[in-house]
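Novice: This is the structure I have questions about; it appears just below.
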Amino acid sequence: MLEGPKLHDLIERYKAAMFTVNRRMTALLRDEMPGDLTLDQFAIIQYVGTRDDCTSTELADVFCVGKSSITAIVTRLVDKGLIVRSPDGKDRRVLYLRLTEAGERMGADLNERIGSLLGAYVSAFDEAEADQFIDTYEKLARVIMQGGGEASGGEEWRDFMKSIVKFRWAVLALWLAVVAGLVLTAPNMADLVREKGQITVPDGYTSTNAGELLHERDAQRAGDEEGGGRGNATVLVFHGDAALADAQMSEIKAGIDKLKAEKAKLGIGSVTTHFDTPELKDQMVSKDGKTVLALLTVNTGGRELSEVREGLTDALSDVKVDHYYTGNWIIQEDVVESSQEGLHKTEYITVIFILAILFLVFRSAIAPFIPLVTVGISYIAAQSVVSYLVKYLDFPLSNFTQIFMVAVMFGIGTDYCILLISRFKEELAHNGGDKVDAILTTYRTAGKTVMYAGLAVLVGFACIGFSAFSLYQSAVAVAVGVGVLLIALVTLVPFFMAVLGKAIFWPTRGSLEHKPSRFWGAMGSFSLKRPLLSLLVLAVVLAPFLSIYKGAISFNSLDEIGERYDSVKGFNLIADSFGPGESLTTTVVLKTDKAIDTSEGLAMIERVSRELAGVDGVKAVRSATRPTGEAPKDFQVTQQVDTLGSGLDQGAEGIGQVSKGLADASKSLSANASKLSGAAEGADELVAGTQSLKSGIAQLESGLKVVQNGLKSGTAGAGELREGAAQAKKSADQLLAASRKLEASYKQLASGLEQLGAGYGDIAAKQKALADGLADLGKGIGGLGDKYPELASDADYQRAVASLGQLQSSASQLAGGLSQLNAKLDGATAGLKQANAGLAQAADGQAQLSAGLAKLASGIGSLQSGLDQAVDGQGQIIGQLPGVTGGLDKLADGQRQLGEGFAQLNDQLGELTSGLDKSVNGLDQVSGGLKSAQDYIGELSSASDSDLSGWFIPADAIQRADFQQALDVYASKDRKITTFDVIFSGNPYELETMKLIEPLQEAADRGLKGTAYAAGSTHEIGGVTSANNDLNEISSADYARTVVLMLIGIGLILIFMFRSIVIPIYLVVSLIGTYYTSLAITELIFVRMLGHSGTSWTVPFFGFVLLIALGVDYSIFLMDRFREYRDLPPQEAILKAMRNMGTVILSAALILGGTFAAMLPSGVMSLLQIATMVLCGLFLYAVIVLPLFVPVMVRTFGEANWWPFMGRRSGAGGDSAVGRMSHEA
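This is the structure we're talking about:
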C-alpha cells in the first residue's frame, strides 16, 4: 500500500490533473448540450435509458443526492417531453421513469456527439495505454462506490443505522432498563429546585459580601464562629378590615408571646414588636390602626424552608386575626411552588396539544403516539440525568430548567419526528414497502437534516454554559435534553419504524408528502420580483415596534406569582399601610477594625446615617443612633448648646443676684461698722458693771454676816435688824433689775450675732454654688474648645475664658474670707451664749437672794416666834452669795472675750468689705463674658441646619440600658460590625429603586471620610434591592457574552453545513431582527397595555436563547433545500425551496408555538412573557421575515451566496448536483 511522501506526491499530481480534466471536460461537454439541457439532465436521460423500471429514489441513491433534487430535475425533463412517469400496475403510488421517443433520440444523438468528442482524446493513447487508463479509472470508480460513494462518513452512518435496525429489540430493552434505573434512583427534581435552584449572586458582589458580614455577626450572637446560621428576615403582618380593637390586639400579643415561647422549636432568632418597645409603635402600627407588624429573624437550622414555614403557620393557627408571613425567602418559596404548579400544567397541556396536532397531521391512530412516546422517554431520561448532575456535580438549576426542557424537547422533538415519519412513509411508497431500505434512506436524507438542526439547537444552549450566572447556566440542561432526544431519534424511532412498518399509518393510506405552500410561494415571488418593496414592507411591519421599545425590565418577584399567595398579600398590606420600603429593607453593613460603642464611634454612625438618609429616594434610616428612624435631637450639638445656653442664662441671672447680694452685704457691713464699735464699747461697760455688781455682792455678804452674827449673839435689837434687812432687800432688788436688763441686752446682742452669722452662712452657701457653677461652666466652655478647635482663635471666647478664670480666683479668695469671718462670728456667738448662761445663773441667784431677804424681813417681823428660823435662813443666804460671785466672775470673762471679738471683727470688717467689692467687680466681668458666650451659643443653636453643627453623645449615655439595647440590635457582639436599615420610598423591586444602591455606597463613603474609622473599615449593601441590582449587572454582562458565544457557535454550524459565510451572516441578521421585534411586542403587551413596570429581567436573555436556537432550525430547513437546488439559478432555487418547505416550516412553527403556548396558563409571569415572546418571534420569522428577507438576500448575492466556497460542492462531485451529497428535509 502506498504511503509516505510517495503517496502525497501522487495525490498532488492527481489533484492537479483532475482539476484540469474536470474543468475542461465539463466545459466541452456543456458545449455539446443542446438548448437549455444541463449535464445533470443528460446524466439522468442516459441512466434512465439503460433501465427498464427506474424510480426517483433509485436515481437519488445512484447519484447520491437528495430525492427532492432528483424530482426537480425529472420534472424539468418531463416538461420538455423527454421523460414520462408511469404508475405501477399493482401500486399506483409507485411511479416509474421511462424515456419518451424524443428522449431516446436525444440520448442517442448526445451519445454519438460525446463519443466523437472523447474519441479524439482517447485516440492519443496507444491500445495498451488506453486499456490501462480505463482499467485504472474503473478501479477508482469501484473504490469510490465501495468506500466513498457517499460523503465522508456516509457509509459509517448507514452501517450504524443498519445495526440499530438489526438489534432493535436490544436497543428497546436497553432504553427501558436505563430509564427505569434512572427513574428509580434519580434525586427528586422538585426538592433539588428548592435546595439548589434559587437565584444566587456569585461571590465578590456587594450583596454577597454583605451576606457574609451578616453571617459573621449572627455567628457571634450565636456564640459559634463556624455556624450560628444566617437569619432570614421575616415580617408577620396582622390586619383587620377596621381598626383593630383591644381584644384583637390582646390576641395578637398572645400569638407573638407564643412565638417567643417556642423560639427554639420554630427556629426564631429574634422578635421585635411595639409591645416590647413602645417607641416603635409609629413604625409597626399603621396610622389607621388596621395593620400591625412584627419583625422576626428565622433560622432554618438545616430544615427545608417549607417545613420552617409550616411550623410558623401552625404556631398561630389559633389566632383569628388575619395574619400573613412575608419576606424575600417566603416569596421565593412561593415562586418555586408556583413554578412547579406551572410545570405540571405545561406538561399536561403540551401532551394534549401535541396529540391533537399529530392526529391532524398524520390522520392515524398510531403515528401520533410515536413522537409522544419518543420525546416523553427522552424527557424522563434527560431529567433524571440532569438531577444526577445537579445532586453530585452542582450542575446549574433553576425554576426555569424543567419548563424549558419540556417546551423545547417536546417542540423540536415533535417537529423532527414528523419529518422522519413523513419521509419514512414516502420511502415506503417508492421502494415497494421495504422497511429497512426506507429507514436507511430516511436517515440518510431527512435524518441528517434533523441531526444538523438538532446540533444547532444543542450548540446554542451549550454556549450558555460559558456564562457566569447560575440562572443562565441552568438552561444548559436543555442541551442535555436535546442530546438525549437526538439519541432517541436515531434509536427509538427506527425501532417503531422497523417493528410497525406501514401499520404506523393505519387506517389512512394517503401520501404524507407536503403539498407546495402557496403562501410561501407567493411571498417568495413577490420578494424576488420587488426586492426593495419587500424590504419596505418588512420595515413597515418591524419598525413601529422597534421604535417604541424602551428596554424596561422588572425584578419584581411578586409579579411572578400574583396575589393568590399569602406572601404577596402580606407585602401588599405593608406597602399600602406603611409604604413598600418597610417590607423589604436594604441593609448597609459596616465592619470596622475597632469597636464603635464609643462617643467617637457613635458620632461616626450618626454621620453615616445622616448621609444615607440624605440620598434622594430614601424614606428613613434606622441604626444604632436612630433605632426608630429619627435622629435623637438630644445629642445634636445645637440641642446641647441650646441647653447650655439656658443654663448660662440661669447662671448669669444667679450671678447677677449674687453680685447684688454681695453689694448689699458690703453696704450693710459698712453701715454696721459703727455698731460693732459701739458693741465693743458696750461690752467694756458691761465688764465694769459686772465688777461693780460683784463688789456690791461682797458688801452684801459682809452685811449679812454681821446680821447673822447679831442674831446669833442676840445683841442687836429687832428694829435694827428690820432696818438692815429692808436695806439689803432694796439693794438686792436693784441688783436683780440690773442683771435682768444686762441679760436682755446680751440676748439681743446674741440674736443679732446669730442673724449676722446666718446671713454670712447664706452668702457662703451661695458663694459655694457660684464656685461650683463657675467650675461646671469652665468645663462646658473648655469642652466647647475641645469639640471645636477653631474657637481657640476666637477673641470673644478667649476673653470669656480669662474672665472666668479671674472670677474663679476671686471666688476662691472670697470663700477663704467668708470662712474666717464665719469662724470669728461662731466664736463671738459662743462667748455670748456662755455669758448669757452666766447671767441667767446670776439672775436666778439674785432672785433667790431677793426672795430670802423678803423672808428675812418677814422673819424679823415675827422675830419673837421664829428667831431660830431667821438664823437658819440667814445662813442659807450667806451660803448662796459665793455662787453669785462666781457667776459674776464668769460673766466678766465672757464680757471681756466679747469685747475682744468685737474688736477683731471690727478690724476684719474692712477686709471683708473690700473682698466683697472685688467679688462684685469679678461677677460683673463674668457676666460680661457669659453674655459674649451666650451670643455665640445663640448663633450656634439657631443654625439653619442642625445636623451640620455637630453631634455628640456623652460616655455615660452610652451605658444606658436603652442605648445598649439598640447596640445589641444593630451591632455585633464585639461591636465591630454594625448595620443600617435603609427604607426606600419606592418599591424595593423597581428599577429606579435599584439605581439608589450606588448613591448609598457613595453616601457611606462620605460618612466615613475624615473619621478615625475610615482607614480600617469596609462596608457592603445587602437586601433584595441590592441583590437585584447585582443581578442586573451580572445579567447584562452575561447577556452580552452569551449572545456573542451563541452566535459564534451557531454561525460555525451554519458555515460548516452550507459551505458559505454569506448565508450564515444574513440568516443570523434575520434572527436578531426577529428577536428585537418580538421583544418589543412583548413589552408593548405587558408594559404599555397591561401596566406592568417592565418585562421580567429574565425575558431578554432566555427569549434570545430560545428564539435563536429554535429559529435557526427553520433557517436550516429552508436553506438546506436551497442548497439541494444549487444546480438551478439562485432565484429559481430559493423559490422552489420556499414552495416545498413552506408547509413544513409553518407546521413546525405551529407545533413549537403550541408547546410554548402551553406555558401561558402556568401562572408564572416570567414564563408568560417568555412564551409570548417566543410565540411572537416564531410567527414573525415563519410568516414575515423568512419569506420576505431571505429571498431578497439570495437575489442580491446571487452566486456569491456560496462565498468563499463558490467553486466547491458539499460532496464528492464536481460543479453539478449530480454526484454530491444532499440533505433532504
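Every number in the numbering used here is 187 more than the matching position in the sequence shown, counting from 1. Quick reminder that beta carbons are idealized off the backbone N, C-alpha and C, glycines included.
May I ask which residues mark the beginning and end of the beta strand (DSSP E) holding E1207?
Specialist: It spans 1205-1209 - the beta strand (DSSP E) in which E1207 sits, taken as one unbroken run.
Novice: To the nearest angstrom, report how far apart S1353 and G641 are at their CA atoms.
Specialist: When rounded, the distance between both Cα atoms is 26 Å.
Novice: Grab me the residues of V1249's own chain with a C-beta within less than 7 Å of its C-beta, minus the 5 sequence neighbours each way, in chain order.
Specialist: Around V1249: F1384, A1387, N1388, W1390.
Novice: In angstroms with no decimal places, state the Cα-to-Cα distance between V595 and L1339.
Specialist: Approximately 8 Å, taken between the alpha carbons.
Novice: Quick one: give me the first and last residue of the beta strand (DSSP E) that A481 is part of.
Specialist: Counting along the chain, the beta strand (DSSP E) containing A481 begins and ends at 478-485.
Novice: What's the C-alpha gap between D306 and D227?
Specialist: The sequence shown places Gly at residue 306, rather than the Asp named in the question. Those two C-alpha atoms are separated by around 22 Å.
Novice: Whose CA, out of L1239, E399, A397, H510, lies closest to the CA of I443?
Specialist: Of L1239, E399, A397, H510, the residue nearest in Cα terms is H510.
Novice: Out of I321, A1214, T323, K474, which one is the CA nearest neighbour of N515?
Specialist: Closest by alpha carbon: A1214.
Novice: Look at V802 and L777 and say whether their C-beta atoms are less than 8 Å apart.
Specialist: It is not a contact, given that the beta carbons lie outside the stated cut-off.
Novice: How close, in whole Å, do the beta carbons of S741 and G1350 come, if the pair is a contact with beta carbons under 8 Å?
Specialist: In fact, because the Cβ distance is near 17 Å, the residues do not count as touching under 8 Å.
Novice: Within 10 angstroms of its Cβ, does S350 collect 16 or more other Cβ (buried), or is it exposed?
Specialist: S350 comes out exposed.
Novice: When you compare the CB positions of A685 and V365, do they come within less than 8 Å of one another, or not?
Specialist: No, Cβ-Cβ distance for A685 and V365 is not below 8 Å.
Novice: Reducing DSSP to helix, strand and coil, say where I1164 ends up.
Specialist: DSSP places I1164 in strand when its eight states are reduced to three.
Novice: For T459, which residues from the same chain have a beta carbon less than 6 Å from its beta carbon, with the 5 sequence-adjacent residues on both sides left out?
Specialist: Contacts found: L482.
Novice: Going by beta carbon distance, what residues of the same chain come within less than 6 Å of Y630, once the five residues before and after it are set aside?
Specialist: If we look at Y630 and ignore the five residues flanking it on each side, its Cβ neighbours are M348.
Novice: Less than 6 Å between C-beta atoms, sequence neighbours within five positions excluded: which residues of the same chain meet that for F611?
Specialist: Excluding residues within five positions, the ones whose Cβ falls inside 6 Å are A625, T629, M684.
Novice: Rounded to whole angstroms, what's the CA-CA distance from I1240 to I1357? Just pull it up for me.
Specialist: Rounded to the nearest angstrom, the two C-alpha atoms are 26 Å apart.
Novice: Return the chain-ordered ranges of every alpha helix (DSSP H) run that is complete within the region 491-567 and spans a minimum of 4 residues.
Specialist: Fully enclosed alpha helix (DSSP H) runs of 4 or longer: 492-502, 515-549.
Novice: Check whether the region 1327-1335 touches the region 1291-1305, counting contact only when three or more Cβ pairs, one atom from each stretch, lie closer than 8 Å.
Specialist: With the cut-off at 8 Å, the region 1327-1335 and the region 1291-1305 touch.
Novice: From V252, A434, V677, L286, pick the residue whose C-alpha is nearest to that of D266; which is it?
Specialist: Comparing Cα-Cα distances from D266 to each of V252, A434, V677, L286, the minimum goes to L286.
Novice: Buried or exposed: D390, going by 16 or more other Cβ atoms within 10 Å of its Cβ?
Specialist: Exposed.
Novice: According to DSSP, simplified to helix, strand and coil, what is S273?
Specialist: Of the three classes helix, strand and coil, the one that applies to S273 here is strand, per DSSP.
Novice: Can you give the Cα-Cα distance for E1179 and L423, rounded to whole angstroms?
Specialist: Near 27 Å, if we compare the C-alpha coordinates of L423 and E1179.
Novice: Inspect the CB distances between the region 562-572 and the region 1362-1381 and report whether three or more fall short of 8 Å.
Specialist: At 8 Å Cβ cutoff, the stretches do not touch.
Novice: Count the other CB atoms, across all protein chains shown, that sit within 10 Å of the CB of A554; report buried if there are 16 or more and exposed otherwise.
Specialist: Looking at its Cβ environment, which holds 16 or more other Cβ atoms inside 10 Å, A554 is buried.
Novice: Within this structure, are the beta carbons of L607 and V548 separated by less than 8 Å?
Specialist: No, the Cβ-Cβ distance between L607 and V548 is not below 8 Å.
Novice: At least one CB of chain C closer than 8 Å to the CB of V472: is that the case?
Specialist: No chain C appears in the structure shown, which is made up of a single protein chain.
Novice: Apart from the five residues on each side of it in sequence, which residues of its chain come closer than 8 Å, Cβ to Cβ, to Y639?
Specialist: The residues are I1240, M1244, I1303, D1307, H1410.
Novice: Should Y308 be labelled buried (16 or more other beta-carbon atoms within 10 Å of its own) or exposed?
Specialist: With fewer than 16 Cβ atoms within 10 Å of its Cβ, Y308 is classed as exposed.
Novice: Output yes or no for whether 8 Å exceeds the beta carbon distance between K758 and G1341.
Specialist: The question names Lys, but residue 758 in the sequence shown is Phe. Going by C-beta atoms, F758 is not nearer than 8 Å to G1341.
Novice: Of the residues T636, V1255, Y1157, S654, which one's Cα is nearest the Cα of V775?
Specialist: Of the candidates T636, V1255, Y1157, S654, the one whose C-alpha sits nearest the C-alpha of V775 is Y1157.
Novice: Where does G415 sit, in a helix, a strand or coil, going by DSSP?
Specialist: Since pLDDT at G415 reaches only 41, below the 50 mark, its modelled position is unreliable, and no value is offered.
Novice: Since L1375 and S609 are thought to touch, with beta carbons under 8 Å apart, how far apart are those beta carbons, to the nearest angstrom?
Specialist: Their Cβ separation, rounded to whole angstroms, is 27 Å, which puts L1375 and S609 out of contact at 8 Å.
Novice: Which residues in the same chain have their Cβ closer than 8 Å to the Cβ of V573, if we skip the five residues on either side of it in sequence?
Specialist: M376, F582, L584, T588, M592, A664, V667, G668, listed in sequence order.
Novice: Based on Cα-Cα distance, which residue from Y512, S504, K1163, G708 lies nearest to L492?
Specialist: For the residues Y512, S504, K1163, G708, the minimum Cα distance to L492 belongs to Y512.
Novice: Between the beta-carbon of V380 and the beta-carbon of T773, is there less than 8 Å?
Specialist: No. Outside cutoff.
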